[in-house]
Each structure stands twice: as C-alpha cells, then as structure tokens.
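Residue numbers (the UniProt record's numbering): 1 to 266.
Heads up, the beta-carbon is just placed ideally off N, CA and C, and yes, glycines get one too.
What follows is a short report on a single structure.
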Amino acid sequence: MTKKSNKPLEGRIALVTGVSRRKGIGFAIASRLAQDGADLFIQSYSPYDESSPWGAEPNGIDSILTELKNHGHGVEHIEANFNDPEAPRRVVEKAFQTFSNIDILIANHAYWLEGKLEDLTAENIDTHMNVNVRATLLLIKEWSIRHDDNRPGGRVIMMTSGQHLSPMCDELSYVASKGALHQLTQSISYTLVKRGITVNTVNPGATDTIDYKRYYPEIYQTVLNKEPQERWGQPEDAARLIAWLVSDEAQWISGQVINSDGGVHF
C-alpha cells in the first residue's frame, strides 16, 4: 500500500513570479510551497534588483534554486522582464512545457519606484502598469487557457498593497497599479471560479524585504511606530497565508482581498 503524503501540496505544481532574493516575499512563498510538497517553476528579473539600492541576490539566482531544491521537489526557472508584453506568454508556455500542467499561479512580481505627484512621468506610470497590471492579467489569461480543470486545486493569487487602508502619497504610480489588482479580484474570481479555480489577492502589509532600517531609516521607524505588534512584517508572514489559500483547506474562499498586516489597519 502506498503511504499517503502528509504534505498538503504534494503532487501540485506552482508557478511563482518575482523570486529573486532570499529576503523577498517571492522566495518565502516558493520555499513554503516546496516545504508543503509542491514542485516549482519560478520567474525572476535580476536587473531590476541590480538597479535598486538594495541590489541583487549576492550569490545569484543559482543559489536560490539550490536552496529551493533542497526541499526535495522539482524546481525550474526562467528570467523574464515583464515590461515586455510577450514575456507573460513565454513564461507560462515554458512552465507548461516543463511540467505539463501548472495548478497554482502566484503573481508575486512587482515594480516599485518612488513617485510623488509632482515627480510623475508617463514612463514611470506606464512601467508600473505594464509590469504590475498588464503582466499579471496576461499571466492569468495564458495560464487559464492551458489549465487542466480535471486536476484539483486550481489557484490564482495576486498581490496588492495597503492603498485601500491609508494614503500612500509618495508612490502614486505603484498605488494605481496595486489598486487595479485589488479591484480586479472579484471579476477574475467570478470568471474562473466556475471552473473550480479560486482567485484571491493578498496585501502583505509593510514587509521588511530590503532591510528598511538600513536603506530607509525614517520609513522604518514610522511604520514601526504604527504597528500594534511592534514589529515589521516578515516575508514568511505572507507566505504562510498564501500557502493556506492555495491548499485544499481554502477551496471555498475566492474573490477576497486579504490583509496580512498584523492588525495595523484597525
């Protein structure tokens, strides 16, 4: 008799975008899903991190892949720039060619650049919308037309931010893009849930993915002062929620925007 695995995602395959740094939410999600038994196809775009103050993963993407493979499940990878309108199709095609089916899509990737009202440019707005909204929609489209509805556990997760809870005046282009994903959640859910695919969006709250205390000390302290639990969110906080949402335990939950922010919005 074959012993049944006690891992909730055993036999499932997940496509996770935005997995490029150990401190990032994407890596925490991928790591948790691998621990729970899932095979992984991950996307990264290291040049974005290289252009940021915090920089790219010091040991490169290969070190990320090695660590994920240590969980004992399949892990494959593609580098793709989602500012390219053809990139979502290429990523999904490669994922399905690699694993034959993808059960779970987690659109975790994001572009962020500070932008006050007086500093906005068309290019800044367009890049945020291209990467954060257009690419996410196209990923879901390309994934959904290939997904085998006869397989259980079809799941889509999008990522928003806290723009619906309090003003984010210094990052307006980012707010516009993340607000769009928030508002799309119910409509995409209604489209796909009839096929047994749940769609939910997660706001991870203020999460220390880049060592804010070092790079943005004023922001770090401001957020800390508002947190009722007196700490910043960690990538693993959002990863725990997402791992549950893509499991069978959450099969009756769809069309929701869920805040994982330690209660700071109350």
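Hey, could you find the ends of the alpha helix (DSSP H) residue i is sitting in?
| i | result |
| --- | --- |
| Ile-25 | 25-35 |
| Leu-138 | 135-146 |
| Ser-44 | Segment 39-44 is the beta strand (DSSP E) holding Ser-44; no alpha helix (DSSP H) there. |
| Val-223 | 217-226 |
| His-77 | First-last for His-77: 75-79, but that is the beta strand (DSSP E), not the alpha helix (DSSP H). |
| Ile-210 | From DSSP, Ile-210 is part of no alpha helix (DSSP H); its letter is neither H nor E. |
| Asp-62 | 60-69 |
| Arg-90 | 87-99 |
| Asp-248 | Asp-248 -> no alpha helix (DSSP H), and no H or E assigned at all. |
| Asp-126 | 122-128 |
| His-182 | 172-192 |
Measure the CB-CB distance between residue i and residue j and report whether it falls below 8 Å.
| i | j | result |
| --- | --- | --- |
| Gly-37 | Pro-8 | yes |
| Asn-101 | Asp-148 | yes |
| Gly-18 | Asn-81 | no |
| His-182 | Val-257 | yes |
| Thr-160 | Lys-178 | yes |
| Ile-242 | Val-202 | yes |
| Gly-162 | Asp-261 | yes |
| Ser-189 | Ser-254 | yes |
| Ile-25 | Pro-235 | yes |
| Asn-136 | Tyr-111 | Checking the sequence, you will find Thr at residue 136 rather than Asn. Their beta carbons are not under 8 Å apart, which means Thr-136 does not touch Tyr-111 by this criterion. |
| His-71 | Ala-34 | yes |
| Leu-40 | Gly-74 | yes |
| Arg-89 | Leu-120 | no |
| Ser-5 | Ala-56 | no |
| Leu-245 | Ile-157 | yes |
| Arg-155 | Asp-103 | yes |
| Ala-87 | Val-133 | no |
If you draw a straight line from the alpha carbon of residue i to that of residue j, how long is it in whole angstroms?
| i | j | result |
| --- | --- | --- |
| Ser-31 | Glu-123 | 34 Å |
| Arg-146 | Asp-62 | 28 Å |
| Thr-185 | His-164 | 14 Å |
| Asp-248 | Arg-240 | 14 Å |
| Val-193 | Pro-217 | 43 Å |
| residue 269 | Ala-206 | Outside the displayed range of the chain (1 to 266) lies residue 269, so it cannot be described from this structure. |
| Arg-214 | Arg-195 | 46 Å |
| Trp-54 | Glu-118 | 25 Å |
| Glu-79 | Thr-222 | 35 Å |
| Cys-169 | Tyr-220 | 16 Å |
| Phe-99 | Gly-11 | 11 Å |
| Val-92 | Ala-28 | 21 Å |
| Pro-47 | Asn-225 | 33 Å |
| Ile-125 | Thr-66 | 36 Å |
Could you give the residue range of the beta strand (DSSP E) that holds residue i?
| i | result |
| --- | --- |
| Leu-15 | 13-16 |
| Ala-107 | 104-107 |
| Ile-157 | 155-159 |
| Val-199 | 198-203 |
| Val-257 | 257-259 |
In or out: residue i buried (at least 16 other Cβ within 10 Å) or exposed?
| i | result |
| --- | --- |
| Glu-142 | buried |
| Gln-43 | buried |
| Lys-116 | exposed |
| Gly-60 | exposed |
| Ile-64 | buried |
| Leu-68 | buried |
| Thr-198 | buried |
| Ser-144 | buried |
| Thr-2 | Caution is warranted here: a pLDDT of 48 is assigned to Thr-2, below 50, making its placement in the model unreliable, and the coordinate value is therefore given only provisionally. Its Cβ having fewer than 16 others within 10 Å, Thr-2 is exposed. |
| Glu-233 | Note on identity: in this sequence residue 233 is Gly, with Glu being the wrong assignment. Gly-233 is buried by the Cβ-count criterion. |
| Gly-153 | buried |
| Leu-209 | Note on identity: in this sequence residue 209 is Thr, with Leu being the wrong assignment. Buried, since its Cβ has 16 or more Cβ neighbours within 10 Å. |
| Pro-85 | exposed |
| Pro-204 | buried |
For chain C, is any of its Cβ atoms less than 8 Å away from the one on residue i?
| i | result |
| --- | --- |
| Asp-208 | The question asks about chain C, but that chain is absent: this structure has only one protein chain. |
Under 8 Å, with one C-beta from each stretch per pair, do the stretch 172-179 and the stretch 229-241 reach the 3-pair mark?
In short, these stretches do not touch, since the Cβ pair count stays below three.
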